[in-house]
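K.L.:
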Amino acid sequence: MARTAAPVYDPQAIEPKWLDAWKKAGLFRVTEDSSKPKFYNLVMFPYPSGPLHMGHFRNYVIGDAFARYKVMRGFNVLNPFGWDAFGLPAENAAIKSGIPPRVSTEGNIAISKHELDIMGVLYAWDREVTTCNEDYYRWTQWLFLKFLELGLAYKQKAAVNWCPKDNTVLANEQIVNGVCWRCGTKPTKKELEQWFFRITAYAQRLLDDLKKLDRWPERVRVMQANWIGRSEGAELDFFIEHDGKLRVFTTRPDTVFGATFMVIAPEHEIVQKIVTPEQRAAVDGYIERTKSETEIERLSTEHVKTGVFSGAYAINPFTEERIPIWIADYVLATYGTGAIMAVPGHDSRDFEFARKYKLPIRRVISVSREASNEPLDSAYEPYEGVLVNSGPFTGLSVKDGIQRIAADAERKGIGRRTVTYRLRDWLISRQRYWGVPIPVIYCPDHGIVPVPYDQLPVRLPENVQFRSDGQNPLLHTESFVNTTCSTCGKPARRETDTMDTFVDSSWYFLRYTGAHDQTQPFDKTKADYWMPVDQYTGGIEHAILHLLYSRFFMKVLFDAKMVSVDEPFAALFTQGMIHRNGYVMAKSKGNGIAPDEMVEKYGADTGRVYELFIGPPEMDAEWNDRGVDGVARFLHRVWRLVLGEEDDVVAGVVQVLPEDLTRKLHETIDKVTKDVEAFRFNTAMSALMELTNLMQDYLQAGGRRDEAWEAVCLGMTRMLGPFAPHLAEELWQRQGGEGLVVFQPWPEVDAALLRRPQVTIVVQVDGRLRDRIEMPAGIDQAAARELALRSQNVQRVVGDRRVQRAVYVPDRLINLVTQ
RNA sequence: GCGGGCGUAGCCGAAUUGGUACAGGCGCACGGCUUAGGACCGUGUGGCGCAAGCCAUGGAGGUUCGAGUCCUCUCGCCCGCACCA
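In structure tokens:
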């Protein structure tokens, strides 16, 4: 093969050329091709907030390397990209600087695309999706209407989280550690009419199907399961003295004989009905105080429990005792029924409350019947033990008690077994401008009227007046607000709320399968060909929000027969973040490294390989500028080895035979292939470095650039294809390769070449390493033992003791056990 | 508090899942090339010991022919969730 020598590796001189070549060759331009297996490779699309830095690129480099690898493995690879382009930052910037959101967003997209290009990160740009463009958001609106039609979108007055800084409501999922996920402000509660998606209707399936996601990280599944928060228990009705009843949810019906008082949330609607005249003033004062508390203060475990007596009493249906009803903010209005039966003996929160307000504490569970009256100095909360002081149920185990008491309540018609979830419906209304307008109108005669499908899109006006008070400018854009009812033609008003941007990102992966469809959100045939996403790669910060919402969407669309699979992402990988100088690489910390800087100093390939080599991809990693130098040295070395002429021979170095080189090549192919399949890019890079080191040793020892050598060079070149793609193309061309290396098949392991004629057997005596002996591969135990016993080291250690037995691991180790 | 995970050289980290502990990179040392270099190239590099060897995977036990890997206890760190009845 004709080789063209080159004096030095000059990345800046070669990289742009190959970017053009890939674009011309249509890398990642794909159609539904049944002759090849499909592979849908996806990285989470970004919000275009400004220039990218090398921290962002870890995700894109991993995704790009994997996509290129799959191309080389012969897959029909869909590898699209887009922009989650609606959102608050662009709007806030517009308020500050007057630059319209579309202008700044498009500017940021252009910059980012350039940066992806120079790093050699390519996508199916012919399928690019931008969520703020009309040809995308009209279909987001279309899907909203579909949800409405299916009864999965509804408007309701509710106490919702309001962020005073961002001037909008937030979904439950967007309250992180008690504060707004975006700006860190403590939210307040507001009573507002808002749009919701009925995600709770899918709670059980979202939980059950986590089991199907065996190629998702365990911790993401655990986080989602906890978020959904299924609890099995029972609802029990307690009659209120004089009038009505109070329903509670409990996971421990077995403790009902220990319920010595009840507690209801301050927001509970029954409060006003039951409060007695004597307690009215105290109760009103208490409710007023709890309202002024922020959510974070109220939910804190350190928060000292407070409460007030309502004056009313209920009857415990099992003990028939008269028990007081208290109002306390440690009971949440939004969980269960907003009311509890308090069992201070067996619930630490109730215990604390009972102590403070001198309420009776009774033991109804004990380790044994005999210990039934032992005093309690803290709540006793085990799931084993026996029921005591529990009337006819005394003596039952906790497990049986739960079943028998629940069944008894059912029979008496005062309760039923039930399941509760923590998951709340998804609040999707946002009182903000830069988002998808919710496509409904309000008619004085017809109420809420959905905009007919054929009138979509409801265009977001772009000529609006931003306001310094943070109010949604749509409210004041008359041309937008004023419309006519599509049913009766009378004047009507448009909804001015826009949708949570997480709605946009809940279906973008479907739009990629037919990005320019002008007639529907996506084509079922195409979606069926490509879905599910085979490999999804992105940040752990989306463990709940985006990933849960997308799963919900997929299930709704599955039920609507619009898609044929009900989970969107078959495999998920969450990469760690890159730190530098002690902080996560971020624009705000000023510790980012610009891709341009990287390319100018080292070339894109060094940046790419460094990000793959930096550490286990799922873990955070510290950026080390010297480490980048090390990778640059590695690539320069590969260049010299593959394209160099003759090297200086240094005598006296360990002999490396051509067959050793060939074997190492195949071992490397084997290792790199397995590592890449398992997303262990760091060890894949180490393996390539090892091969390079052996190539160096070979030449140092006077090895010739013969056929075996050439084969190793070509194998190395192909393996570099996904990781250092520009360098690989250049090496491929200079070695006389045809076409592009990215379209070459990934090298195959020749199992015959992996076998060694000789193996090093570790010889242990009583488990301690005593010698290493070269033996023929496949040697049996008796022969290996024979050889091992000849070792002088072994003989000295064994002395005159008898070798009682030997443990033999074929071709690896023999352990001689004495005595 | 509950759940998940981690602890290996001076640093980042490997270790076919119970079988040679520390691959690869950084750093460091020495050598080469250089007028010179914090550049480049190469070699070496866990600790103690003259050596045979011994000691080393946060700590203490245990199981095993054999433990970084499994079990028990313990210390430390990280990440979720957090008054969810």
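So the number in this note's numbering is just where the residue sits in the first sequence, counting from 1, plus 35.
Where a beta carbon is used, it is the ideal one built from N, C-alpha and C, also for glycine.
(1) Could you name each continuous alpha helix (DSSP H) segment of 4 residues or more that falls completely within the stretch 783 to 850, going from the start of the chain to the end?
(2) By DSSP's criteria, residue 452 is part of a beta bridge. Which residues make up the other side?
(3) If we count the other Cβ atoms within 10 Å of its Cβ and call it buried at 16 or more, is residue 412 buried or exposed?
(4) Note down the Cα distance separating residue 566 from residue 545, rounded to an integer number of angstroms.
(5) If you run the structure through DSSP and keep just helix, strand and coil, what is residue 145?
(6) Determine whether the beta carbon atoms of residue 298 and residue 197 lie at a separation below 8 Å.
(7) Just to check my reading of the structure: residue 568 and residue 603 have Cβ atoms closer than 8 Å, yes? What is that Cβ distance to the nearest angstrom?
(8) Quick one: Cα of residue 392 to Cα of residue 499, how far?
(9) Which same chain residues, not among the five before or five after residue 516, have their C-beta less than 8 Å away from its C-beta?
(10) Enumerate in chain order the residues of its own chain whose CB-to-CB distance from residue 606 is below 6 Å, with the five nearest sequence positions on each side excluded.
(11) Please name the residue or residues paired with residue 203 in a DSSP beta bridge.
(12) Assess contact between the stretch 435 to 446 and the stretch 473 to 488, defined as three or more Cβ pairs (one per stretch) separated by less than 8 Å. Is contact present?
(13) Confirm, please, whether the CB-CB distance from residue 276 to residue 349 is below 8 Å.
(14) Just the Cα atoms here: how many angstroms apart are residue 205 and residue 581?
(15) Near residue 539, which residues of its chain fall below 7 Å by C-beta distance, leaving aside the five closest residues on each side in sequence?
(16) Can you give me the Cβ contacts of residue 722 inside the same chain, cut-off strictly under 6 Å, excluding the 5 residues immediately before and after it?
(17) How should residue 553 be labelled, buried or exposed, when 16 other C-beta atoms within 10 angstroms of its C-beta is the threshold for buried?
(18) Beta carbon of residue 694, beta carbon of residue 89: below 8 Å?
(19) In whole angstroms, give me the CA-to-CA distance for residue 614 and residue 620.
(20) Tell me which residue opens and which closes the beta strand (DSSP E) that residue 88 is part of.
(21) Does the stretch 587 to 598 come into contact with the stretch 616 to 636, if we say contact requires no fewer than three beta-carbon pairs (one atom in each stretch) closer than 8 Å?
(22) Determine the DSSP secondary structure at residue 676, reduced to helix, strand or coil.
(23) Using CA coordinates, which residue listed in 635, 785 and 305 is at the minimum distance from residue 746?
(24) May I ask you to report which of helix, strand or coil DSSP gives residue 570?
(25) Using only the alpha-carbon positions, how far apart do residue 171 and residue 556 sit?
(26) Less than 6 Å between C-beta atoms, sequence neighbours within five positions excluded: which residues of the same chain meet that for residue 803?
(27) Thinking C-beta only, is residue 114 closer than 8 Å to residue 76?
(28) Is the beta carbon of residue 574 closer than 8 Å to that of residue 79?
(29) Compare the C-alpha of residue 415 against each of 401, 200, 322 and 425 and name the closest.
(30) If you compare alpha carbons, which of 291, 106, 394 and 316 is closest to residue 428?
(31) Note the first and the last residue of the continuous beta strand (DSSP E) segment covering residue 748.
(32) Can you list, in chain order, the residues of its chain with a C-beta nearer than 7 Å to that of residue 126? Leave out the 5 residues immediately preceding and following it.
(33) Distance check for residue 309 and residue 131, CA to CA, integer angstroms please.
(34) Mind checking who residue 250 pairs with in its DSSP beta bridge?
(35) When burial is assigned at 16 or more other CB atoms within 10 Å of the CB, is residue 764 buried or exposed?
(36) In chain order, what residues of the same chain lie with their CB nearer than 8 Å to the CB of residue 432, ignoring the 5 residues before and after it?
P.N.:
Reading off the structure:
(1) 786 to 789, 816 to 825 and 827 to 833
(2) Along the first sequence, read from residue 1 onward, the residue named residue 452 stands at position 417. Paired residues: 269.
(3) Stepping through the first sequence from its first residue, residue 412 is reached at position 377. Exposed, by the Cβ-count rule.
(4) Translated into positions along the first sequence, residue 566 becomes position 531. Translated into positions along the first sequence, residue 545 becomes position 510. For residue 566 and residue 545, the distance between alpha carbons rounds to 8 Å.
(5) Taking the first sequence and counting its residues from 1, the one referred to as residue 145 is at position 110. If DSSP states are grouped into helix, strand and coil, residue 145 belongs with the helices.
(6) For the purposes of this step, residue 298 is identified with residue 263 of the first sequence, where counting begins at 1. For the purposes of this step, residue 197 is identified with residue 162 of the first sequence, where counting begins at 1. Taking 8 Å as the Cβ cut-off, residue 298 and residue 197 do not qualify as a contacting pair.
(7) Residue numbering aside, residue 568 sits at position 533 when the first sequence is read from its first letter. Residue numbering aside, residue 603 sits at position 568 when the first sequence is read from its first letter. With a Cβ gap of about 6 Å, residue 568 and residue 603 count as contacting.
(8) As a working note, residue 392 is residue 357 in the first sequence. As a working note, residue 499 is residue 464 in the first sequence. Residue 392 and residue 499: Cα-Cα distance of roughly 57 Å.
(9) Along the first sequence, one-based indexing puts residue 516 at 481. So the qualifying residues of the chain are 509, 510, 528, 529 and 531.
(10) Residue mapping note: residue 606 aligns to position 571 of the first sequence, counting from 1. Within the same chain, residue 606 has close Cβ partners 250 and 570.
(11) The residue given as residue 203 occupies position 168 in the first sequence. Residue 203 pairs with 198.
(12) no
(13) The residue given as residue 349 occupies position 314 in the first sequence. The residue given as residue 276 occupies position 241 in the first sequence. Yes, these two residues count as a Cβ contact at 8 Å.
(14) If you number the first sequence from 1, residue 205 lands on position 170. If you number the first sequence from 1, residue 581 lands on position 546. Cα to Cα, residue 205 sits roughly 14 Å from residue 581.
(15) Taking the first sequence and counting its residues from 1, the one referred to as residue 539 is at position 504. Closer than 7 Å at the Cβ level, and outside the excluded window around residue 539, lie 119, 121, 166, 175 and 471.
(16) By 1-based counting over the first sequence, the position of residue 722 is 687. 703, 706 and 707, listed in sequence order.
(17) On the first sequence, residue 553 is found 518 positions in, with the first residue counted as 1. By the neighbour-count rule (16 or more Cβ atoms within 10 Å), residue 553 is not buried but exposed.
(18) The count along the first sequence starts at 1 and reaches residue 694 at position 659. The count along the first sequence starts at 1 and reaches residue 89 at position 54. No, Cβ-Cβ distance for residue 694 and residue 89 is not below 8 Å.
(19) Mapped onto the first sequence, residue 614 falls at position 579. Mapped onto the first sequence, residue 620 falls at position 585. Near 5 Å, if we compare the C-alpha coordinates of residue 620 and residue 614.
(20) Taking the first residue of the first sequence as 1, we reach residue 88 at position 53. No beta strand (DSSP E) contains residue 88, which DSSP labels as neither H nor E.
(21) no
(22) The count along the first sequence starts at 1 and reaches residue 676 at position 641. It is helical.
(23) The count along the first sequence starts at 1 and reaches residue 746 at position 711. Per the Cα distances, 785.
(24) Reading the first sequence from its first residue, position 535 is the one you call residue 570. Strand.
(25) Start at 1 with the first residue of the first sequence, and residue 171 comes out as number 136. Start at 1 with the first residue of the first sequence, and residue 556 comes out as number 521. Taking the straight line from one Cα to the other gives about 8 Å.
(26) Counting from 1 along the first sequence, the entry for residue 803 is found at position 768. Answer for residue 803: no residue qualifies.
(27) The sequence position of residue 76 within the first sequence is 41, counting from 1. The sequence position of residue 114 within the first sequence is 79, counting from 1. Result yes, Cβ atoms of residue 76 and residue 114 sit closer than 8 Å.
(28) Residue numbering aside, residue 79 sits at position 44 when the first sequence is read from its first letter. Residue numbering aside, residue 574 sits at position 539 when the first sequence is read from its first letter. Yes, the Cβ-Cβ distance between residue 79 and residue 574 is below 8 Å.
(29) Mapped onto the first sequence, residue 415 falls at position 380. For residue 415, the nearest C-alpha among the options comes from 401.
(30) The residue given as residue 428 occupies position 393 in the first sequence. For residue 428, the nearest C-alpha among the options comes from 291.
(31) Walking along the first sequence from the start, residue 748 turns up at place 713. Premise fails: residue 748 lies in the alpha helix (DSSP H), 742 to 755, not in any beta strand (DSSP E).
(32) Sequence index remark: in the first sequence, residue 126 carries index 91 (1-based). The answer, listed in chain order, is 136, 467, 468 and 469.
(33) Locating residue 131 in the first sequence gives position 96, where the first residue counts as 1. Locating residue 309 in the first sequence gives position 274, where the first residue counts as 1. C-alpha separation (whole angstroms): 51 Å.
(34) Here residue 250 is taken as the residue at index 215 of the first sequence, counted from 1. Answer by DSSP bridge pairing, in chain order: 606.
(35) As a working note, residue 764 is residue 729 in the first sequence. That one is buried.
(36) Position 397 of the first sequence, counted from the start, is the residue given in the question as residue 432. Here the set comprises 419, 420, 421 and 422.
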